[in-house]
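Comments concern the structure below.
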Amino acid sequence: YDLTSPVDQGLEIFAAPGDFSATDSEGSDQSLESFGMIQVNLMGADGQELNLGAEGAPILMPIQDLGSTPVAGETVEAWSYDTETGKWVEEGFGEVVDIDGELFWQFTANHFSTWNCDRPISTHGCLSGQVTTAMGDPRQGATVRAVGQTYISTTTARTDNSGNFCLEVKNGETVWVEISYSIGGQAATQRTDPVTIPAGQATCTDGSTDDCVDLGVIPVDIMTCVQGVVIDGQNQPVPNADVVSPQGGVA
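Just so it is clear: in the sequence shown, position 213 is 1261 by my numbering, and no numbers are missing.
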């Protein structure tokens, strides 16, 4: 997975399964910062899924240089994606090695899967805001996702019945936020400008968003179109008439 390129130049972070929420070896919930990800699926000649024997298989994966990159000699946890829980699960660790001046993560996998070279985020900040319609009504159930620009991670949340959301992110880093909503088969997506999270711990889990970076009110609407003919009182077409939408559209 390419996790560092710009969005319009091959970024594959949206193709990664789920977000970067995880369960560590002690059963605690974590948010992860990634340094690389790989997916391995092998099929036999008859289409059957193949897996590893007891000996496992070595993985050598390039470290992607963004954020607090580890150095040679350090160990970094290995996480596989659990499709049933929708979370990454800690399964051992690998070592960062230097090969001809480039950093790689080496690890022995015990099964084929999507594997992630990650560390739990320990310095938390948070983002809050409210998603509404253009008319100011709360937009319940919208998906809100924070995407790291200066580190590799995503976190997601859904708006509550008041349109409010709160997202855990890494403090001292820059993220942008994507809001998506669909109804009746139509979808709307909107992205915010990048925002830098200040230093200092802040979290969504204490029931208050007072210490979070507030993005304010974000209107998101599904755009559609209507067409018709403007006529006068004698049912004659009216050329060059302005047709104005209450939400600001003009035709």
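Note that CB positions come from ideal geometry on N, CA and C, so glycine has one too.
Candidates the options: which alpha carbon is nearest residue i's?
i: Ala-1250; options: Glu-1143, Leu-1175, Thr-1198 and Leu-1151; result: Leu-1175
i: Gln-1234; options: Phe-1213, Val-1268, Thr-1240 and Asn-1209; result: Val-1268
i: Ser-1079; options: Trp-1127, Phe-1062 and Ile-1086; result: Trp-1127
i: Ser-1069; options: Ile-1111, Thr-1204, His-1172 and Gln-1087; result: Thr-1204
i: Val-1261; options: Met-1091, Ile-1227, Tyr-1199 and His-1172; result: His-1172
i: Asn-1219; options: Gly-1115, Asp-1094, Val-1291 and Phe-1083; result: Gly-1115
i: Gly-1184; options: Glu-1060, Ala-1105, Asn-1212 and Ala-1157; result: Asn-1212
i: Leu-1151; options: Thr-1162, Asp-1166, Trp-1136 and Val-1119; result: Val-1119
i: Glu-1103; options: Val-1223, Asn-1283, Asn-1158 and Gln-1188; result: Asn-1158
For residue i, name the three-state secondary structure that DSSP assigns.
i: Asp-1056; result: helix
i: Phe-1062; result: helix
i: Leu-1114; result: coil
i: Arg-1187; result: coil
i: Pro-1267; result: strand
i: Gln-1078; result: strand
i: Leu-1051; result: coil
What does DSSP give as the partner residues of residue i in its beta bridges?
i: Cys-1174; result: Glu-1216
i: Phe-1141; result: Glu-1125
i: Gly-1196; result: Val-1223
Need the endpoints of the beta strand (DSSP E) that residue i sits in, please.
i: Arg-1167; result: 1162-1168
i: Leu-1151; result: 1150-1157
i: Thr-1222; result: 1222-1231
i: Pro-1242; result: Per DSSP, Pro-1242 belongs to no beta strand (DSSP E) and is neither H nor E.
With burial defined as no fewer than 16 other Cβ atoms inside 10 Å of the residue's Cβ, what is the status of residue i: buried or exposed?
i: Gly-1264; result: exposed
i: Gly-1134; result: exposed
i: Asn-1164; result: buried
i: Thr-1253; result: exposed
Nearer than 7 Å: is that true of the beta carbon of residue i relative to any heavy atom of the ligand SAH?
i: Val-1179; result: Absent from the structure shown: the ligand SAH. Ligands present: none.
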